Every structure is written in structure tokens, then in C-alpha cells.
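Residue numbers (this note's numbering): 359 to 533.
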């Protein structure tokens, strides 16, 4: 379905060093967020599970922060605004949010089989995982090659999906 909705990124055909670095850091950060949020949501869906650790949720943002620090150190400050705004920031944000909705729906349906005591938190984690996976998938289309852009425009879409997941979780996952 992704291939039908979006044309491939021009960087897939002719990758440059900046795009490879951006997509690698973004994919690593997104994968860390997907894995940690999914594992935590599944653990919290079981009311008999012990108290979970939330530390792994910091791995994705830490990877992104390191990448951002490197980009800011290597790119002249005069180029920061252009890299932050890119070509179509709202389109990218809306695309990541839109791609995350079916993923969030599937995650919430799976988590309904649990008996969580914290439905909003579990729904929010499902949204975090769905939004992060959508951002990772969107890299196959995104024409931008800046972590500033990715953090500024994909990040809010992920957070909106997490908020939507928390609200939906309160309704769908309670028992």
C-alpha cells in the first residue's frame, strides 16, 4: 500500500552520504522506539507482570539527539533553517500521522486481548510504536536528508499518534 500512495525517495536511486546518515540514524532511533514501546505495552497488558522499567524508552531519543548534535556540529549554522523547514514539512507530518493510523489500530486490537490496569499508558505506548514505525516506513519516500527536519516534523506526528493512542486506549483497552 505504501508503494501505491508514495513515490520512492530520489535518495533510494542515488543515495548520498547525508541521506544515508540521516536515514540510518532515523531508522535506528525509530526501531529502538518501536521495540521498547511495543515490549513495554505488551508487558503492561499483562496485569500479573511485575513493575516494568521505562529506561529503554530513552534509547530512541538518545540516538536521535546524538545524530542531531552531529548534524548541528557539521552543518554551518546559516544552513540550519533551510534544513529544518525542508520542502513540504506539513505534508511529511501529515503523511507520517496518516501512515500510523492503521498501525495504531492493529496494535490496539492486539492489546485488547490483555487486561491492562493502565489502558491510557498502554494505548500511548502503542501509539508511540505505531508512529515510530510509520516514520521509519516514510523514509522510503521522504525527499529530505536532514535530522533537523526529521525531528521537527516526524517527531510531532509520532507524539500526536501516541496521544491518540492514549485516548483510544482509555476507551478500548479498559476492562
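Cβ atoms here follow ideal geometry from the backbone N, Cα and C, with glycine treated the same way. For clarity, every value in this text was computed on a predicted model and none was experimentally measured.
- Shortest Cα-Cα distance from residue 450 to any of 440, 410, 501 involves 501.
- Counting only unbroken stretches of 4 or more residues, the alpha helix (DSSP H) elements lying wholly within the region 401–471 are 417–432, 438–443, 447–469, in sequence order.
- Using a 10 angstroms sphere on the CB of residue 382, the tally of other CB atoms stays under 16, which defines it as exposed.
- Buried is the label assigned to residue 462, since at least 16 other Cβ atoms lie within 10 Å of its Cβ.
- If you draw a straight line from the Cα of residue 406 to the Cα of residue 520, it comes to about 24 Å.
- Going by C-alpha positions, residue 441 is about 21 Å away from residue 517.
- Taken in chain order, the complete alpha helix (DSSP H) segments of 4 or more residues contained in the region 472–523 are 477–496.
- Taken through DSSP and simplified to helix, strand or coil, residue 531 comes out as coil.
- In this structure, residue 489 keeps its C-beta atom at 9 Å or more from the C-beta atom of residue 525.
- For residue 514, same chain residues with a beta-carbon under 8 Å away, outside a window of 5 residues either side, are 451 in chain order.
- Excluding the 5 residues flanking it on each side, residue 494 has same chain C-beta neighbours closer than 8 Å at 384, 385, 388, 389, 392, in chain order.
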